[in-house]
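For the sequence shown, position 18 (counting from the first letter as 1) is numbered 202 according to my numbering, and the numbering increases by one without interruption.
Glycine included, each C-beta is placed from N, C-alpha and C at the ideal position.
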Amino acid sequence: MSNIPHIEPVGNAYSQQIVDLIIPIQQIEFGVPITLADQPDLLDIENNYHATGGNFWGALHEGKVVGTIALIAIGDKKGVIRKMFVNKDFRGKEFGIAQKLLDELVVYSKANGIDDLYLGTVDILKAAIRFYERNGFVAIAKQDLPATFPIMSADNVFYHLEIQ
185 MSNIPHIEPV
195 GNAYSQQIVD
205 LIIPIQQIEF
215 GVPITLADQP
225 DLLDIENNYH
235 ATGGNFWGAL
245 HEGKVVGTIA
255 LIAIGDKKGV
265 IRKMFVNKDF
275 RGKEFGIAQK
285 LLDELVVYSK
295 ANGIDDLYLG
305 TVDILKAAIR
315 FYERNGFVAI
325 AKQDLPATFP
335 IMSADNVFYH
345 LEIQ
């Protein structure tokens, strides 16, 4: 088996692994005051992501989820990026997982008629913010988000990317 994680769409069968990846990164690594109760979407990926016209991808290494990214389609050719997380042992240029996850999401968006991507994050996630900005995302004010954007309580920084 390859030592390099591969990206593939995932569903509810991976929910527990996804929770086990995301919650410790949020709470322990970055001290974001968010719980599983605040993000019930993680327990029903198929209804919260797939059913919208979006998707949920996992970076899998030896059958284990080591990275995630998700897309919610919110109508009017717009999508929202959610759940961009990579296990700290798999971060960086050696694996390039974050970039591969984002690239996969952008390819999917183009193929499915989504022209604008939005995301919310937390200002303490400096590396994530640099990553989004390197990839062409532009900071926008909260009031400039689409009315259909599902705001997470912890998010305080918002970005937009027009894709073509």
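Three-state class that DSSP yields for residue i in the structure shown
i: D307; result: coil
i: I202; result: helix
i: K294; result: helix
i: F274; result: helix
i: F214; result: coil
i: D328; result: helix
i: D339; result: coil
i: S315; result: The displayed chain sequence assigns Phe, not Ser, to residue 315. F315 falls in the helix class under three-state DSSP.
i: Q283; result: helix
i: P208; result: helix
i: T236; result: helix
i: N196; result: helix
i: M185; result: Confidence at M185 is low in this model, with a pLDDT of 43, below 50, so its placement is unreliable and no value can be given for it.
Residue environment, residue i, which counts as buried when at least 16 other CB atoms sit within 10 Å
i: P217; result: exposed
i: T219; result: exposed
i: Q348; result: exposed
i: V306; result: buried
i: Q210; result: buried
i: S337; result: exposed
i: A323; result: exposed
i: A257; result: buried
i: H190; result: exposed
i: I206; result: buried
Own chain, CB closer than 6 Å to residue i, minus 5 neighbours either side, in chain order
i: F279; result: none
i: D328; result: none
i: N232; result: D225
i: F321; result: Y343 and L345
i: T236; result: I256 and A257
For residue i, the residue or residues it bridges with in DSSP
i: V322; result: H344
i: I256; result: V264
i: D300; result: K262 and E346
i: V249; result: L244
i: F269; result: T252
Contacting residues, own chain, Cβ-Cβ under 8 Å from residue i (five flanking each side not counted)
i: A325; result: F342
i: M185; result: Unreliable positioning characterises M185 in this predicted model, as indicated by a pLDDT of 43, which lies under 50. The coordinate reading is nonetheless provided below. So the list reads E246, once near-sequence residues are dropped.
Short CB-CB distance (under 9 Å) between residue i and chain D
i: E288; result: Chain labels in this structure do not include chain D; a single protein chain is all it has.
Range covered by the beta strand (DSSP E) that runs through residue i
i: L244; result: N239 to H245
i: E192; result: H190 to P193
Boundaries of the alpha helix (DSSP H) in which residue i is found, first to last residue
i: E230; result: I229 to N232
Same chain, Cβ closer than 7 Å to residue i, neighbours up to 5 away in sequence not counted
i: I188; result: F279
i: L309; result: F214
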